[in-house]
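Chains as they are written, first to last, in the working numbering: chain A, 10 to 365; chain B, 545 to 1141.
Scroll down for the structure; my scribbles are underneath it.
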């Protein structure tokens, strides 16, 4: 019933707008509405063009002022992060300059050269020199950006196995993440989803006869020691997922049937990051919002929201099904000692199997 | 029937007032002008559906937990108690994308204006094959119907995103929408591709063979260049999507393993072995990226024509404009990998695609600068079509510039699949192409229906839309740069993003206003079709050939001989002429020289 009522209301609103437009239309019966712009139209719309330019600048400034703290451009927590951030800032500055100038020219010309009856435009069809200039300028600017970008990209993607990275497998499934540490030998045991055996709790399909697999450790939280390179090997058991770790400027798809990889070195522990003034401020702000929302919820007799505390996160960033929006894993960056302590408390694979 | 479509070699042949029944005139018509109108109206209907879906999504994102009576009314069992189901949210994402990209901005835009303008602007009596043209439309219609029907199947419509990456799209076990809904999606798209290919072949053949006397390639209006090159891109890339769709059908229904391997789902190991989803990504984006330009180039072509006509100036740098269309078309086929930087493909390949991708910014920049220079010292007639064209240049620049970030593999790592991407492609291809479509409708409405739209309603339509489009997509960049992934049914599981929620609400309000103001356009369109002021033959005082044809439509376009062409399409405000325009069919005066372009 409410459904029908809502449809009727929506229909009513549509008809009301329709009728208003119609009245507006009919009220102009005697005016010139023939779609050909006259001097007055040109003049009014020319000023609106100028106002619109103002609006574009306004919304740019407002956006930067209100939401410009841009977590993805500052306070990265990995070694390669600042490199990406620097490139991002340079690109944004270039974009900002070009945007400001071209939008000005476009709208200002639209204002300045508004049509007047009887005036003739300038017949100006070509200027090779001018066109050459604005072909070559983007070429130079882009060449610079491409070079910079490619060096950065190669730095990030070239995985150097010589500096003894910690090997961790990220394992994706609908709709959660698991991490598998390689254990004392730092070599991951062989695995394939065909070997999954839910009866004895071999949930990631490890080869039970592989010696390298015996000391592997499977966890539902990702702990990383600060300052040590980590080499992630990604696997998925069902559909495409994407391991997205925005604070570390890291992302790689998890593809069923193949192993993908990404490496980075975390540089800031979770504890240190929580004390970072920017992050501290952000968390405070978020908690203010959550408090207000909690008040509203409590007024309606519902549970208040938990207090937010900063944590690094691994998110799924490739559409993967119904609960895609809630596929996450906490990442904790800690000192080597804390990490050692934590890992020693985790069960090794050989001990995690259920014997029937 | 196609026998009476004239080749311009017998120009003494007259236009035909042959007997037409209601069915042959309005339904199974072979007249390109009627087919154009059919495309436009089908496109508008699909557009209404697509836009409505986006508004439902926006309401869900802005107010995720609250029961919403509108959801209950429109989504029925998918929104029990007015709370939207998470699966149907993904279905809305998927079908909105599919409908807008293919059915509105490919068929609705290219289908409408290629059909309307190619014969009229090159001086032909109809398309090379009116029959194929008719088939092309009806296949499009059929695919539209199937796509809409997919919303009514038991397990829901396709919900794997418009890119339908397997295994999600291949396995009904992974998602309800990957059952019958996905089958209908694939069937609909296969038919759509057939329709598009028939249309494109027809456009190419017509442009190459049926130009009137004097209409050399270098005298073609830029609209025709854009439609022509678009058709070429379509013919090159659409078949690849068809093959991807067919292989996916094989994997889904016949047990092959082209895209699937080593899958454990819902407690069972599937038999698939040796395939790779990355292969599908390559095949998909081999069309998927050129598709962006299939959508965009016709819009830019329309803009070139509308800006030159209403600036009363020649388009600046005609040669450069043609060259940049060709360059964009060529480059568009070798940049698809920038959608796959983090797909697991070799990083070296990533650097190659970064290089080619940033190259494409150069011809795009040339086009933008040339549009701006065309405005300089013009005598701008700011009618609604002109406003939408200027609006297009503005969003094309804003949206295009952020492509520099996304095309750069190192930066893409971090903003890939976030709202930053959503903002980028909506501005540069969604809004820009939509503006191109609107500009085209406002400009050629008199040609299509013999009547004028109400310009004041047009002004309201443009200004509200323009403000809302920036209101929606500009702030969206910032929530993207806060790291918020797209395609999340709700963001409330991530307190990290709580401070972006007020932006989401602002965006939704802008989107709702933008949606409502389209009603003004709809009213204007329908009302003016029947009651609009009658037009004169050449209302914009334009140079191109379509305005030399009579207002009244009949199969064959021109009574008597097809006009001959003596000059390019852009002799606006040429010194030595009294009027500020010289149509293409006017011979040179004594001593007048053709511009060397």
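Don't be surprised by glycine CBs; every beta carbon is placed ideally from N, CA and C.
Computed from a prediction, not measured in an experiment: that's the story for all the values here.
Quiz item: Any idea what DSSP makes of residue 242 of chain A, helix, strand or coil?
Solution: Within the first chain, the letter at position 233 stands for residue 242 of chain A. If DSSP states are grouped into helix, strand and coil, residue 242 of chain A belongs with the strands.
Quiz item: Looking at the C-beta of residue 913 of chain B, does it have a partner C-beta in chain A at a distance below 7 angstroms?
Solution: Locating residue 913 of chain B in the second chain gives position 369, where the first residue counts as 1. At a cut-off of 7 angstroms between beta-carbon atoms, residue 913 of chain B makes contact with chain A.
Exercise. Can you give me the Cβ contacts of residue 126 of chain A inside the same chain, cut-off strictly under 7 angstroms, excluding the 5 residues immediately before and after it?
Key: In the first chain, counting from the first residue as 1, residue 126 of chain A sits at position 117. The answer, listed in chain order, is 48.
Quiz item: Between the Cα of residue 1156 of chain B and the Cα atoms of B/1116, B/1068, B/575, which residue gives the shortest distance?
Solution: This structure does not reach residue 1156 of chain B, given that chain B is present from 545 up to 1141, and the question cannot be answered.
Exercise. Taking only beta carbons into account, state which residues of the region 122-139 of chain A come closer than 8 angstroms to chain B, listed in chain order.
Key: Here the close residues are 122, 123, 124, 125, 128, 129, 130, 131, 132, 133, 134, 135, 136, 139.
Quiz prompt | Uninterrupted alpha helix (DSSP H) stretches inside the region 860-893 of chain B (no shorter than 4 residues) | solution = 862-876
Practice problem: Please say whether residue 219 of chain A and residue 192 of chain A have beta carbons closer to each other than 7 angstroms? | Solution: Taking the first chain and counting its residues from 1, one reaches residue 192 of chain A at position 183. Taking the first chain and counting its residues from 1, one reaches residue 219 of chain A at position 210. No, the pair does not count as a contact, with Cβ atoms beyond the cut-off.
Quiz item: Using a beta-carbon distance cut-off of less than 8 angstroms, what residues from the region 323-353 of chain A approach chain B?
Solution: 324, 325, 326, 327, 328, 329, 330, 331, 332, 333, 334, 335, 337
Exercise. Out of B/993, B/646, B/1015, state which residue places its alpha-carbon closest to the alpha-carbon of residue 837 of chain B.
Key: Taking the second chain and counting its residues from 1, one reaches residue 837 of chain B at position 293. If we check each option's Cα against that of residue 837 of chain B, B/646 comes out closest.
Quiz prompt | Interface flag, residue 258 of chain A vs chain B, CB-CB below 7 angstroms | solution = The count along the first chain starts at 1 and reaches residue 258 of chain A at position 249. Interface residue, yes.
Practice problem: Just list the alpha helix (DSSP H) runs in the region 752-837 of chain B, keeping only unbroken ones of 4 residues or longer that don't cross its boundaries, in chain order. | Solution: 766-797
Quiz item: For residue 554 of chain B and chain A, any beta-carbon pair shorter than 7 angstroms?
Solution: Here residue 554 of chain B corresponds to residue number 10 of the second chain, with the count starting at 1. Only weak support is given to the placement of residue 554 of chain B: the predicted model assigns it a pLDDT of 42, under 50, and the value that follows is read from those uncertain coordinates. Taking Cβ atoms only, chain A never reaches closer than 7 angstroms to residue 554 of chain B, which makes this a no.
Practice problem: Kindly confirm or deny that the region 887-899 of chain B and the region 837-856 of chain B touch, where touching means at least three C-beta pairs closer than 8 angstroms. | Solution: no
Quiz prompt | Terminal residues of the beta strand (DSSP E) in which residue 343 of chain A lies | solution = As a working mapping, residue 343 of chain A is identified with position 334 in the first chain. Looking at the DSSP string, the run of the beta strand (DSSP E) that includes residue 343 of chain A is 337-343.
Quiz prompt | Other residues of its chain near residue 581 of chain B: CB distance less than 7 angstroms, five sequence neighbours each side excluded | solution = Taking the second chain and counting its residues from 1, one reaches residue 581 of chain B at position 37. If we look at residue 581 of chain B and ignore the five residues flanking it on each side, its Cβ neighbours are 992.
Practice problem: Under 8 angstroms by Cβ, that's how I've got residue 4 of chain A and residue 310 of chain A pegged, so tell me the actual separation to the nearest angstrom. | Solution: A query on residue 4 of chain A cannot be resolved here, the shown segment of chain A reaching from 10 to 365 and no further.
Quiz prompt | For residue 182 of chain A: DSSP bridge partner residues | solution = Here residue 182 of chain A refers to the residue found at position 173 when the first chain is read from its first residue. Residue 182 of chain A pairs with A/185.
Quiz item: Where in the region 300-334 of chain A do unbroken runs of the alpha helix (DSSP H), each at least 4 residues long, occur, reported from the N-terminal end onward?
Solution: Those alpha helix (DSSP H) runs which fall completely within the region 300-334 of chain A and span 4+ residues do not exist here.
Quiz item: Along the region 907-932 of chain B, what residues have a CB closer than 8 angstroms to any CB found in chain A?
Solution: 909, 910, 912, 913, 914, 915, 916, 917, 919, 920, 921, 922, 923, 924, 925, 926, 927, 928, 930, 931
Self-check item: Minimum Cβ-Cβ distance from residue 616 of chain B to chain A less than 7 angstroms
Solution: Your numbering for residue 616 of chain B matches position 72 in the second chain. True, the Cβ-Cβ gap to chain A drops below 7 angstroms.
Practice problem: Using a threshold of 7 angstroms, state whether the C-beta atoms of residue 711 of chain B and residue 807 of chain B are closer than that. | Solution: The residue you call residue 711 of chain B lines up with position 167 of the second chain. The residue you call residue 807 of chain B lines up with position 263 of the second chain. Yes.
Quiz item: For residue 995 of chain B, which three-state DSSP category applies?
Solution: Counting from 1 along the second chain, the entry for residue 995 of chain B is found at position 451. Three-state DSSP puts residue 995 of chain B in a strand.
Quiz item: Going by Cα to Cα distance, which pick from B/1066, B/656, B/908 is closest to residue 587 of chain B?
Solution: In the second chain, counting from the first residue as 1, residue 587 of chain B sits at position 43. With distances taken between Cα atoms, residue 587 of chain B lies closest to B/656.
Exercise. Measure how close the beta-carbons of residue 226 of chain A and residue 340 of chain A come, nearest whole angstrom, since I'm counting them as under 8 angstroms.
Key: For the purposes of this step, residue 226 of chain A is identified with residue 217 of the first chain, where counting begins at 1. For the purposes of this step, residue 340 of chain A is identified with residue 331 of the first chain, where counting begins at 1. So it is not a contact: roughly 16 angstroms between Cβ atoms.
Practice problem: Under 8 angstroms by Cβ, that's how I've got residue 770 of chain B and residue 705 of chain B pegged, so tell me the actual separation to the nearest angstrom. | Solution: Along the second chain, read from residue 1 onward, the residue named residue 770 of chain B stands at position 226. Along the second chain, read from residue 1 onward, the residue named residue 705 of chain B stands at position 161. That belief does not hold up - the Cβ atoms of residue 770 of chain B and residue 705 of chain B are roughly 29 angstroms apart, past 8 angstroms.
Quiz item: Hey, how far is the Cα of residue 559 of chain B from the Cα of residue 827 of chain B?
Solution: Counted from its first residue, the second chain places residue 559 of chain B at position 15. Counted from its first residue, the second chain places residue 827 of chain B at position 283. Only weak support is given to the placement of residue 559 of chain B: the predicted model assigns it a pLDDT of 46, under 50, and the question is left unresolved by the model.
Quiz item: In the structure shown, what three-state DSSP assignment does residue 1038 of chain B receive?
Solution: By 1-based counting over the second chain, the position of residue 1038 of chain B is 494. In this structure, residue 1038 of chain B counts as coil in the three-state DSSP scheme.
Quiz item: On the premise that residue 925 of chain B lies in contact with residue 46 of chain A, defined as a C-beta separation below 8 angstroms, what is that separation, rounded to the nearest angstrom?
Solution: Along the first chain, read from residue 1 onward, the residue named residue 46 of chain A stands at position 37. Along the second chain, read from residue 1 onward, the residue named residue 925 of chain B stands at position 381. The C-beta distance from residue 46 of chain A to residue 925 of chain B rounds to 5 angstroms, short enough to fall under 8 angstroms.
Quiz prompt | Proximity of residue 617 of chain B and residue 16 of chain A at Cβ, strictly below 7 angstroms | solution = As a first step, residue 617 of chain B must be located in the second chain, where it is residue number 73. As a first step, residue 16 of chain A must be located in the first chain, where it is residue number 7. Going by C-beta atoms, residue 617 of chain B is nearer than 7 angstroms to residue 16 of chain A.
Quiz item: Of the residues B/862, B/882, B/901, B/856, which one's Cα is nearest the Cα of residue 874 of chain B?
Solution: Within the second chain, numbered from 1, the residue matching residue 874 of chain B stands at position 330. It is B/901 whose Cα lies nearest to the Cα of residue 874 of chain B.
Quiz item: Should residue 811 of chain B be labelled buried (16 or more other beta-carbon atoms within 10 Å of its own) or exposed?
Solution: The sequence position of residue 811 of chain B within the second chain is 267, counting from 1. Classification for residue 811 of chain B: exposed.
Practice problem: With 7 angstroms as the threshold, decide whether the Cβ of residue 199 of chain A is near any Cβ in chain B. | Solution: As a working mapping, residue 199 of chain A is identified with position 190 in the first chain. Not closer than 7 angstroms to any Cβ of chain B, the Cβ of residue 199 of chain A fails to qualify, so no.
Quiz prompt | Coarse secondary structure for residue 352 of chain A, derived from DSSP in three states | solution = As a working mapping, residue 352 of chain A is identified with position 343 in the first chain. If DSSP states are grouped into helix, strand and coil, residue 352 of chain A belongs with the helices.
Self-check item: Ranges of the alpha helix (DSSP H) found wholly within the region 891-975 of chain B, counting only runs of at least 4
Solution: 891-903, 905-919, 928-950, 953-959, 963-969
Quiz item: According to a CB-to-CB cut-off of less than 8 angstroms, which residues of the region 288-300 of chain A neighbour chain B?
Solution: 291, 294, 295, 298, 299
Practice problem: Give me the Cβ distance between residue 665 of chain B and residue 1090 of chain B, rounded to the nearest whole Å; I'm assuming they're in contact under 8 angstroms. | Solution: Residue numbering aside, residue 665 of chain B sits at position 121 when the second chain is read from its first letter. Residue numbering aside, residue 1090 of chain B sits at position 546 when the second chain is read from its first letter. Sure, about 5 angstroms apart at Cβ, within 8 angstroms.
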